[in-house]
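A short write-up of the structure that comes next.
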Amino acid sequence: MDNTQPTAPITVAITGASGTLGQALLRCWHRRGARLIAISHSSTPLSLHAPDGSAIALQQLQWQCGQEEALLAQLSQVDVLVLNHGINRQQERSREATAASLEVNALSSWRLLEGFCELVARRSAGERAARPPSEVWINTSEAEIEPAFSPLYEISKRLLGQLLSLRSLDLAQQVRLRRLVLGPFRSALNPFGLMPVTFVAQQVMLQAGLGCNLIIVSPNPLVYVLMPLAALSRWIYNRSLTQD
Ligand SMILES: NC(=O)c1ccc[n+]([C@@H]2O[C@H](COP(=O)([O-])OP(=O)(O)OC[C@H]3O[C@@H](n4cnc5c(N)ncnc54)[C@H](OP(=O)(O)O)[C@@H]3O)[C@@H](O)[C@H]2O)c1
801 MDNTQPTAPI TVAITGASGT LGQALLRCWH RRGARLIAIS HSSTPLSLHA
851 PDGSAIALQQ LQWQCGQEEA LLAQLSQVDV LVLNHGINRQ QERSREATAA
901 SLEVNALSSW RLLEGFCELV ARRSAGERAA RPPSEVWINT SEAEIEPAFS
951 PLYEISKRLL GQLLSLRSLD LAQQVRLRRL VLGPFRSALN PFGLMPVTFV
1001 AQQVMLQAGL GCNLIIVSPN PLVYVLMPLA ALSRWIYNRS LTQD
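The sequence shown runs 801 to 1044 under our numbering.
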């Protein structure tokens, strides 16, 4: 038997699991036969059903921003970690709203990214060969480069995007990193979003299946031009001015 071939089913963990996109992505991964871990900051049990009415099996983990180490200790069997949680404090600018936006939208995802890459790096060569390749998907938003009419949302998502660009110079050697740059879709966070969430989730899965690391789903054609340029210019800038 060739024991270099991955044999284990893929295990996918998604933060913000009870949110609109979180649930849509869980459904997509379920259709692909993945083992699902729903990571939620709320204690409300999440129950998802397939189109035939059957319950979708999932393990639910609860966490809070700032407690990433405790969460990471439970992710040892995860192959694909989708960092999807987020908040939009709209027109607020208070100290509390600023702190919450930075913590939830940027710093907690950055800490989970770093921690998960360390966890993967600690896996033995045999364990890595027996598992599907490890990936982290990071949901930044087209607010990285476009106005979102919400300054704290833009600042925090841009910070996350910039941190990802910088740290991917090292971390992409250990784990495949995919950046999700999504335009407005209808959800609790954005009730007036243009795109239906099922379309967005399907496009994300399609582009990932095609091998894209920069996944863009937007009604704005400019984003398809500007985001790759932004990613390239950051790569050149970060690479020429920093060292590991
Ligand atoms: N909707 C859009 O137009 C749009 C566009 C581009 C990008 N995005 C991004 O897509 C992601 C999903 O957003 P969505 O539109 O699906 O919104 P959503 O339905 O509000 O889902 C976001 C989820 O994030 C989690 N969350 C909220 N506050 C949190 C906190 N304090 N700590 C940890 N987790 C928290 C919650 O899930 P749990 O209760 O399960 O933790 C929440 O349901 C976000 O990162 C968002 O920025 C959205």
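Backbone N, C-alpha and C fix where the C-beta goes; we use that ideal spot for every residue, glycine too.
**Report entry** Rounded straight-line distance, which links the Cα of G926 to that of T804
**Finding:** Walking along the sequence shown from the start, residue 804 turns up at place 4. Walking along the sequence shown from the start, residue 926 turns up at place 126. Caution is warranted here: a pLDDT of 47 is assigned to T804, below 50, making its placement in the model unreliable, and no coordinate value can be reported.
Query raised in the report: Excluding the five sequence neighbours on either side, which residues of its own chain have a C-beta within less than 8 Å of the C-beta of E954, listed in chain order?
Result: As a position in the sequence shown, residue 954 is number 154, starting the count at 1. A943, P947 and A948.
**Report entry** Stretch pair the stretch 1011-1024 + the stretch 977-986: three plus CB contacts closer than 8 Å
**Finding:** yes
Query - Any non-hydrogen atom of ligand 1 closer than 7 Å to G822 Cβ - result: As a working mapping, residue 822 is identified with position 22 in the sequence shown. Answer for G822: yes, Cβ within range of ligand 1.
Query raised in the report: Cα separation between A897 and R1034?
Result: Against the sequence shown, residue 897 aligns to sequence position 97. Against the sequence shown, residue 1034 aligns to sequence position 234. When rounded, the distance between both Cα atoms is 28 Å.
Query raised in the report: Who pairs with S840 in a beta bridge, going by DSSP?
Result: Locating residue 840 in the sequence shown gives position 40, counting from the first residue. Partner(s): Q862.
Report task. Kindly give me the distance between the Cβ atoms of L825 and V1004, rounded to whole angstroms, as I take these residues to be in contact under 8 Å. Result -> Counted from its first residue, the sequence shown places residue 825 at position 25. Counted from its first residue, the sequence shown places residue 1004 at position 204. L825 to V1004, Cβ: 7 Å. Contact.
Query raised in the report: My guess is that C828 and Q1002 are in contact by the Cβ rule of under 8 Å, so how many angstroms apart are they, rounded?
Result: Here residue 828 refers to the residue found at position 28 when the sequence shown is read from its first residue. Here residue 1002 refers to the residue found at position 202 when the sequence shown is read from its first residue. The pair is a contact, with the Cβ atoms about 7 Å apart (cut-off 8 Å).
Query raised in the report: Taking the alpha-carbon positions, what's the R831 to P984 distance?
Result: Here the question's residue 831 lines up with position 31 in the sequence shown. Here the question's residue 984 lines up with position 184 in the sequence shown. Their Cα atoms are separated by approximately 25 Å.
Requested in this report: Quick one: grab the DSSP three-state call for T1042.
Outcome: For the purposes of this step, residue 1042 is identified with residue 242 of the sequence shown, where counting begins at 1. Residue state, collapsed to three classes: coil.
Query raised in the report: In chain order, which continuous runs of the beta strand (DSSP E) of length 3 or greater are located wholly inside the stretch 908-942?
Result: 935-939
Requested in this report: Return the bridge partner residues of I814 from the DSSP annotation.
Outcome: Walking along the sequence shown from the start, residue 814 turns up at place 14. Bridge partners of I814: A838 and V882.
Query - beta-carbon S894 near ligand 1 non-hydrogen atom, thresh 7 Å - result: Counting from one through the sequence shown, the residue named residue 894 turns up at place 94. No, the beta carbon of S894 sits no closer than 7 Å to any heavy atom of ligand 1.
Query raised in the report: In three-state terms, what does DSSP make of L994?
Result: Taking the sequence shown and counting its residues from 1, the one referred to as residue 994 is at position 194. L994: coil per DSSP, three-state reduction.
Query raised in the report: Is the closest heavy atom of ligand 1 to the C-beta of S843 under 7 Å?
Result: If you number the sequence shown from 1, residue 843 lands on position 43. S843 Cβ: outside cutoff for every heavy atom of ligand 1.
**Report entry** Residue of L902, V1023 and A906 minimising C-alpha distance to L960
**Finding:** As a working note, residue 960 is residue 160 in the sequence shown. Of the listed residues, the one whose Cα sits closest to L960 is A906.
Report task. Return the Cβ separation of S901 and S956 in integer angstroms, given the expectation that the two are a contact with Cβ distance under 8 Å. Result -> Looking up residue 901 in the sequence shown gives position 101. Looking up residue 956 in the sequence shown gives position 156. Contact holds; Cβ gap of about 4 Å.
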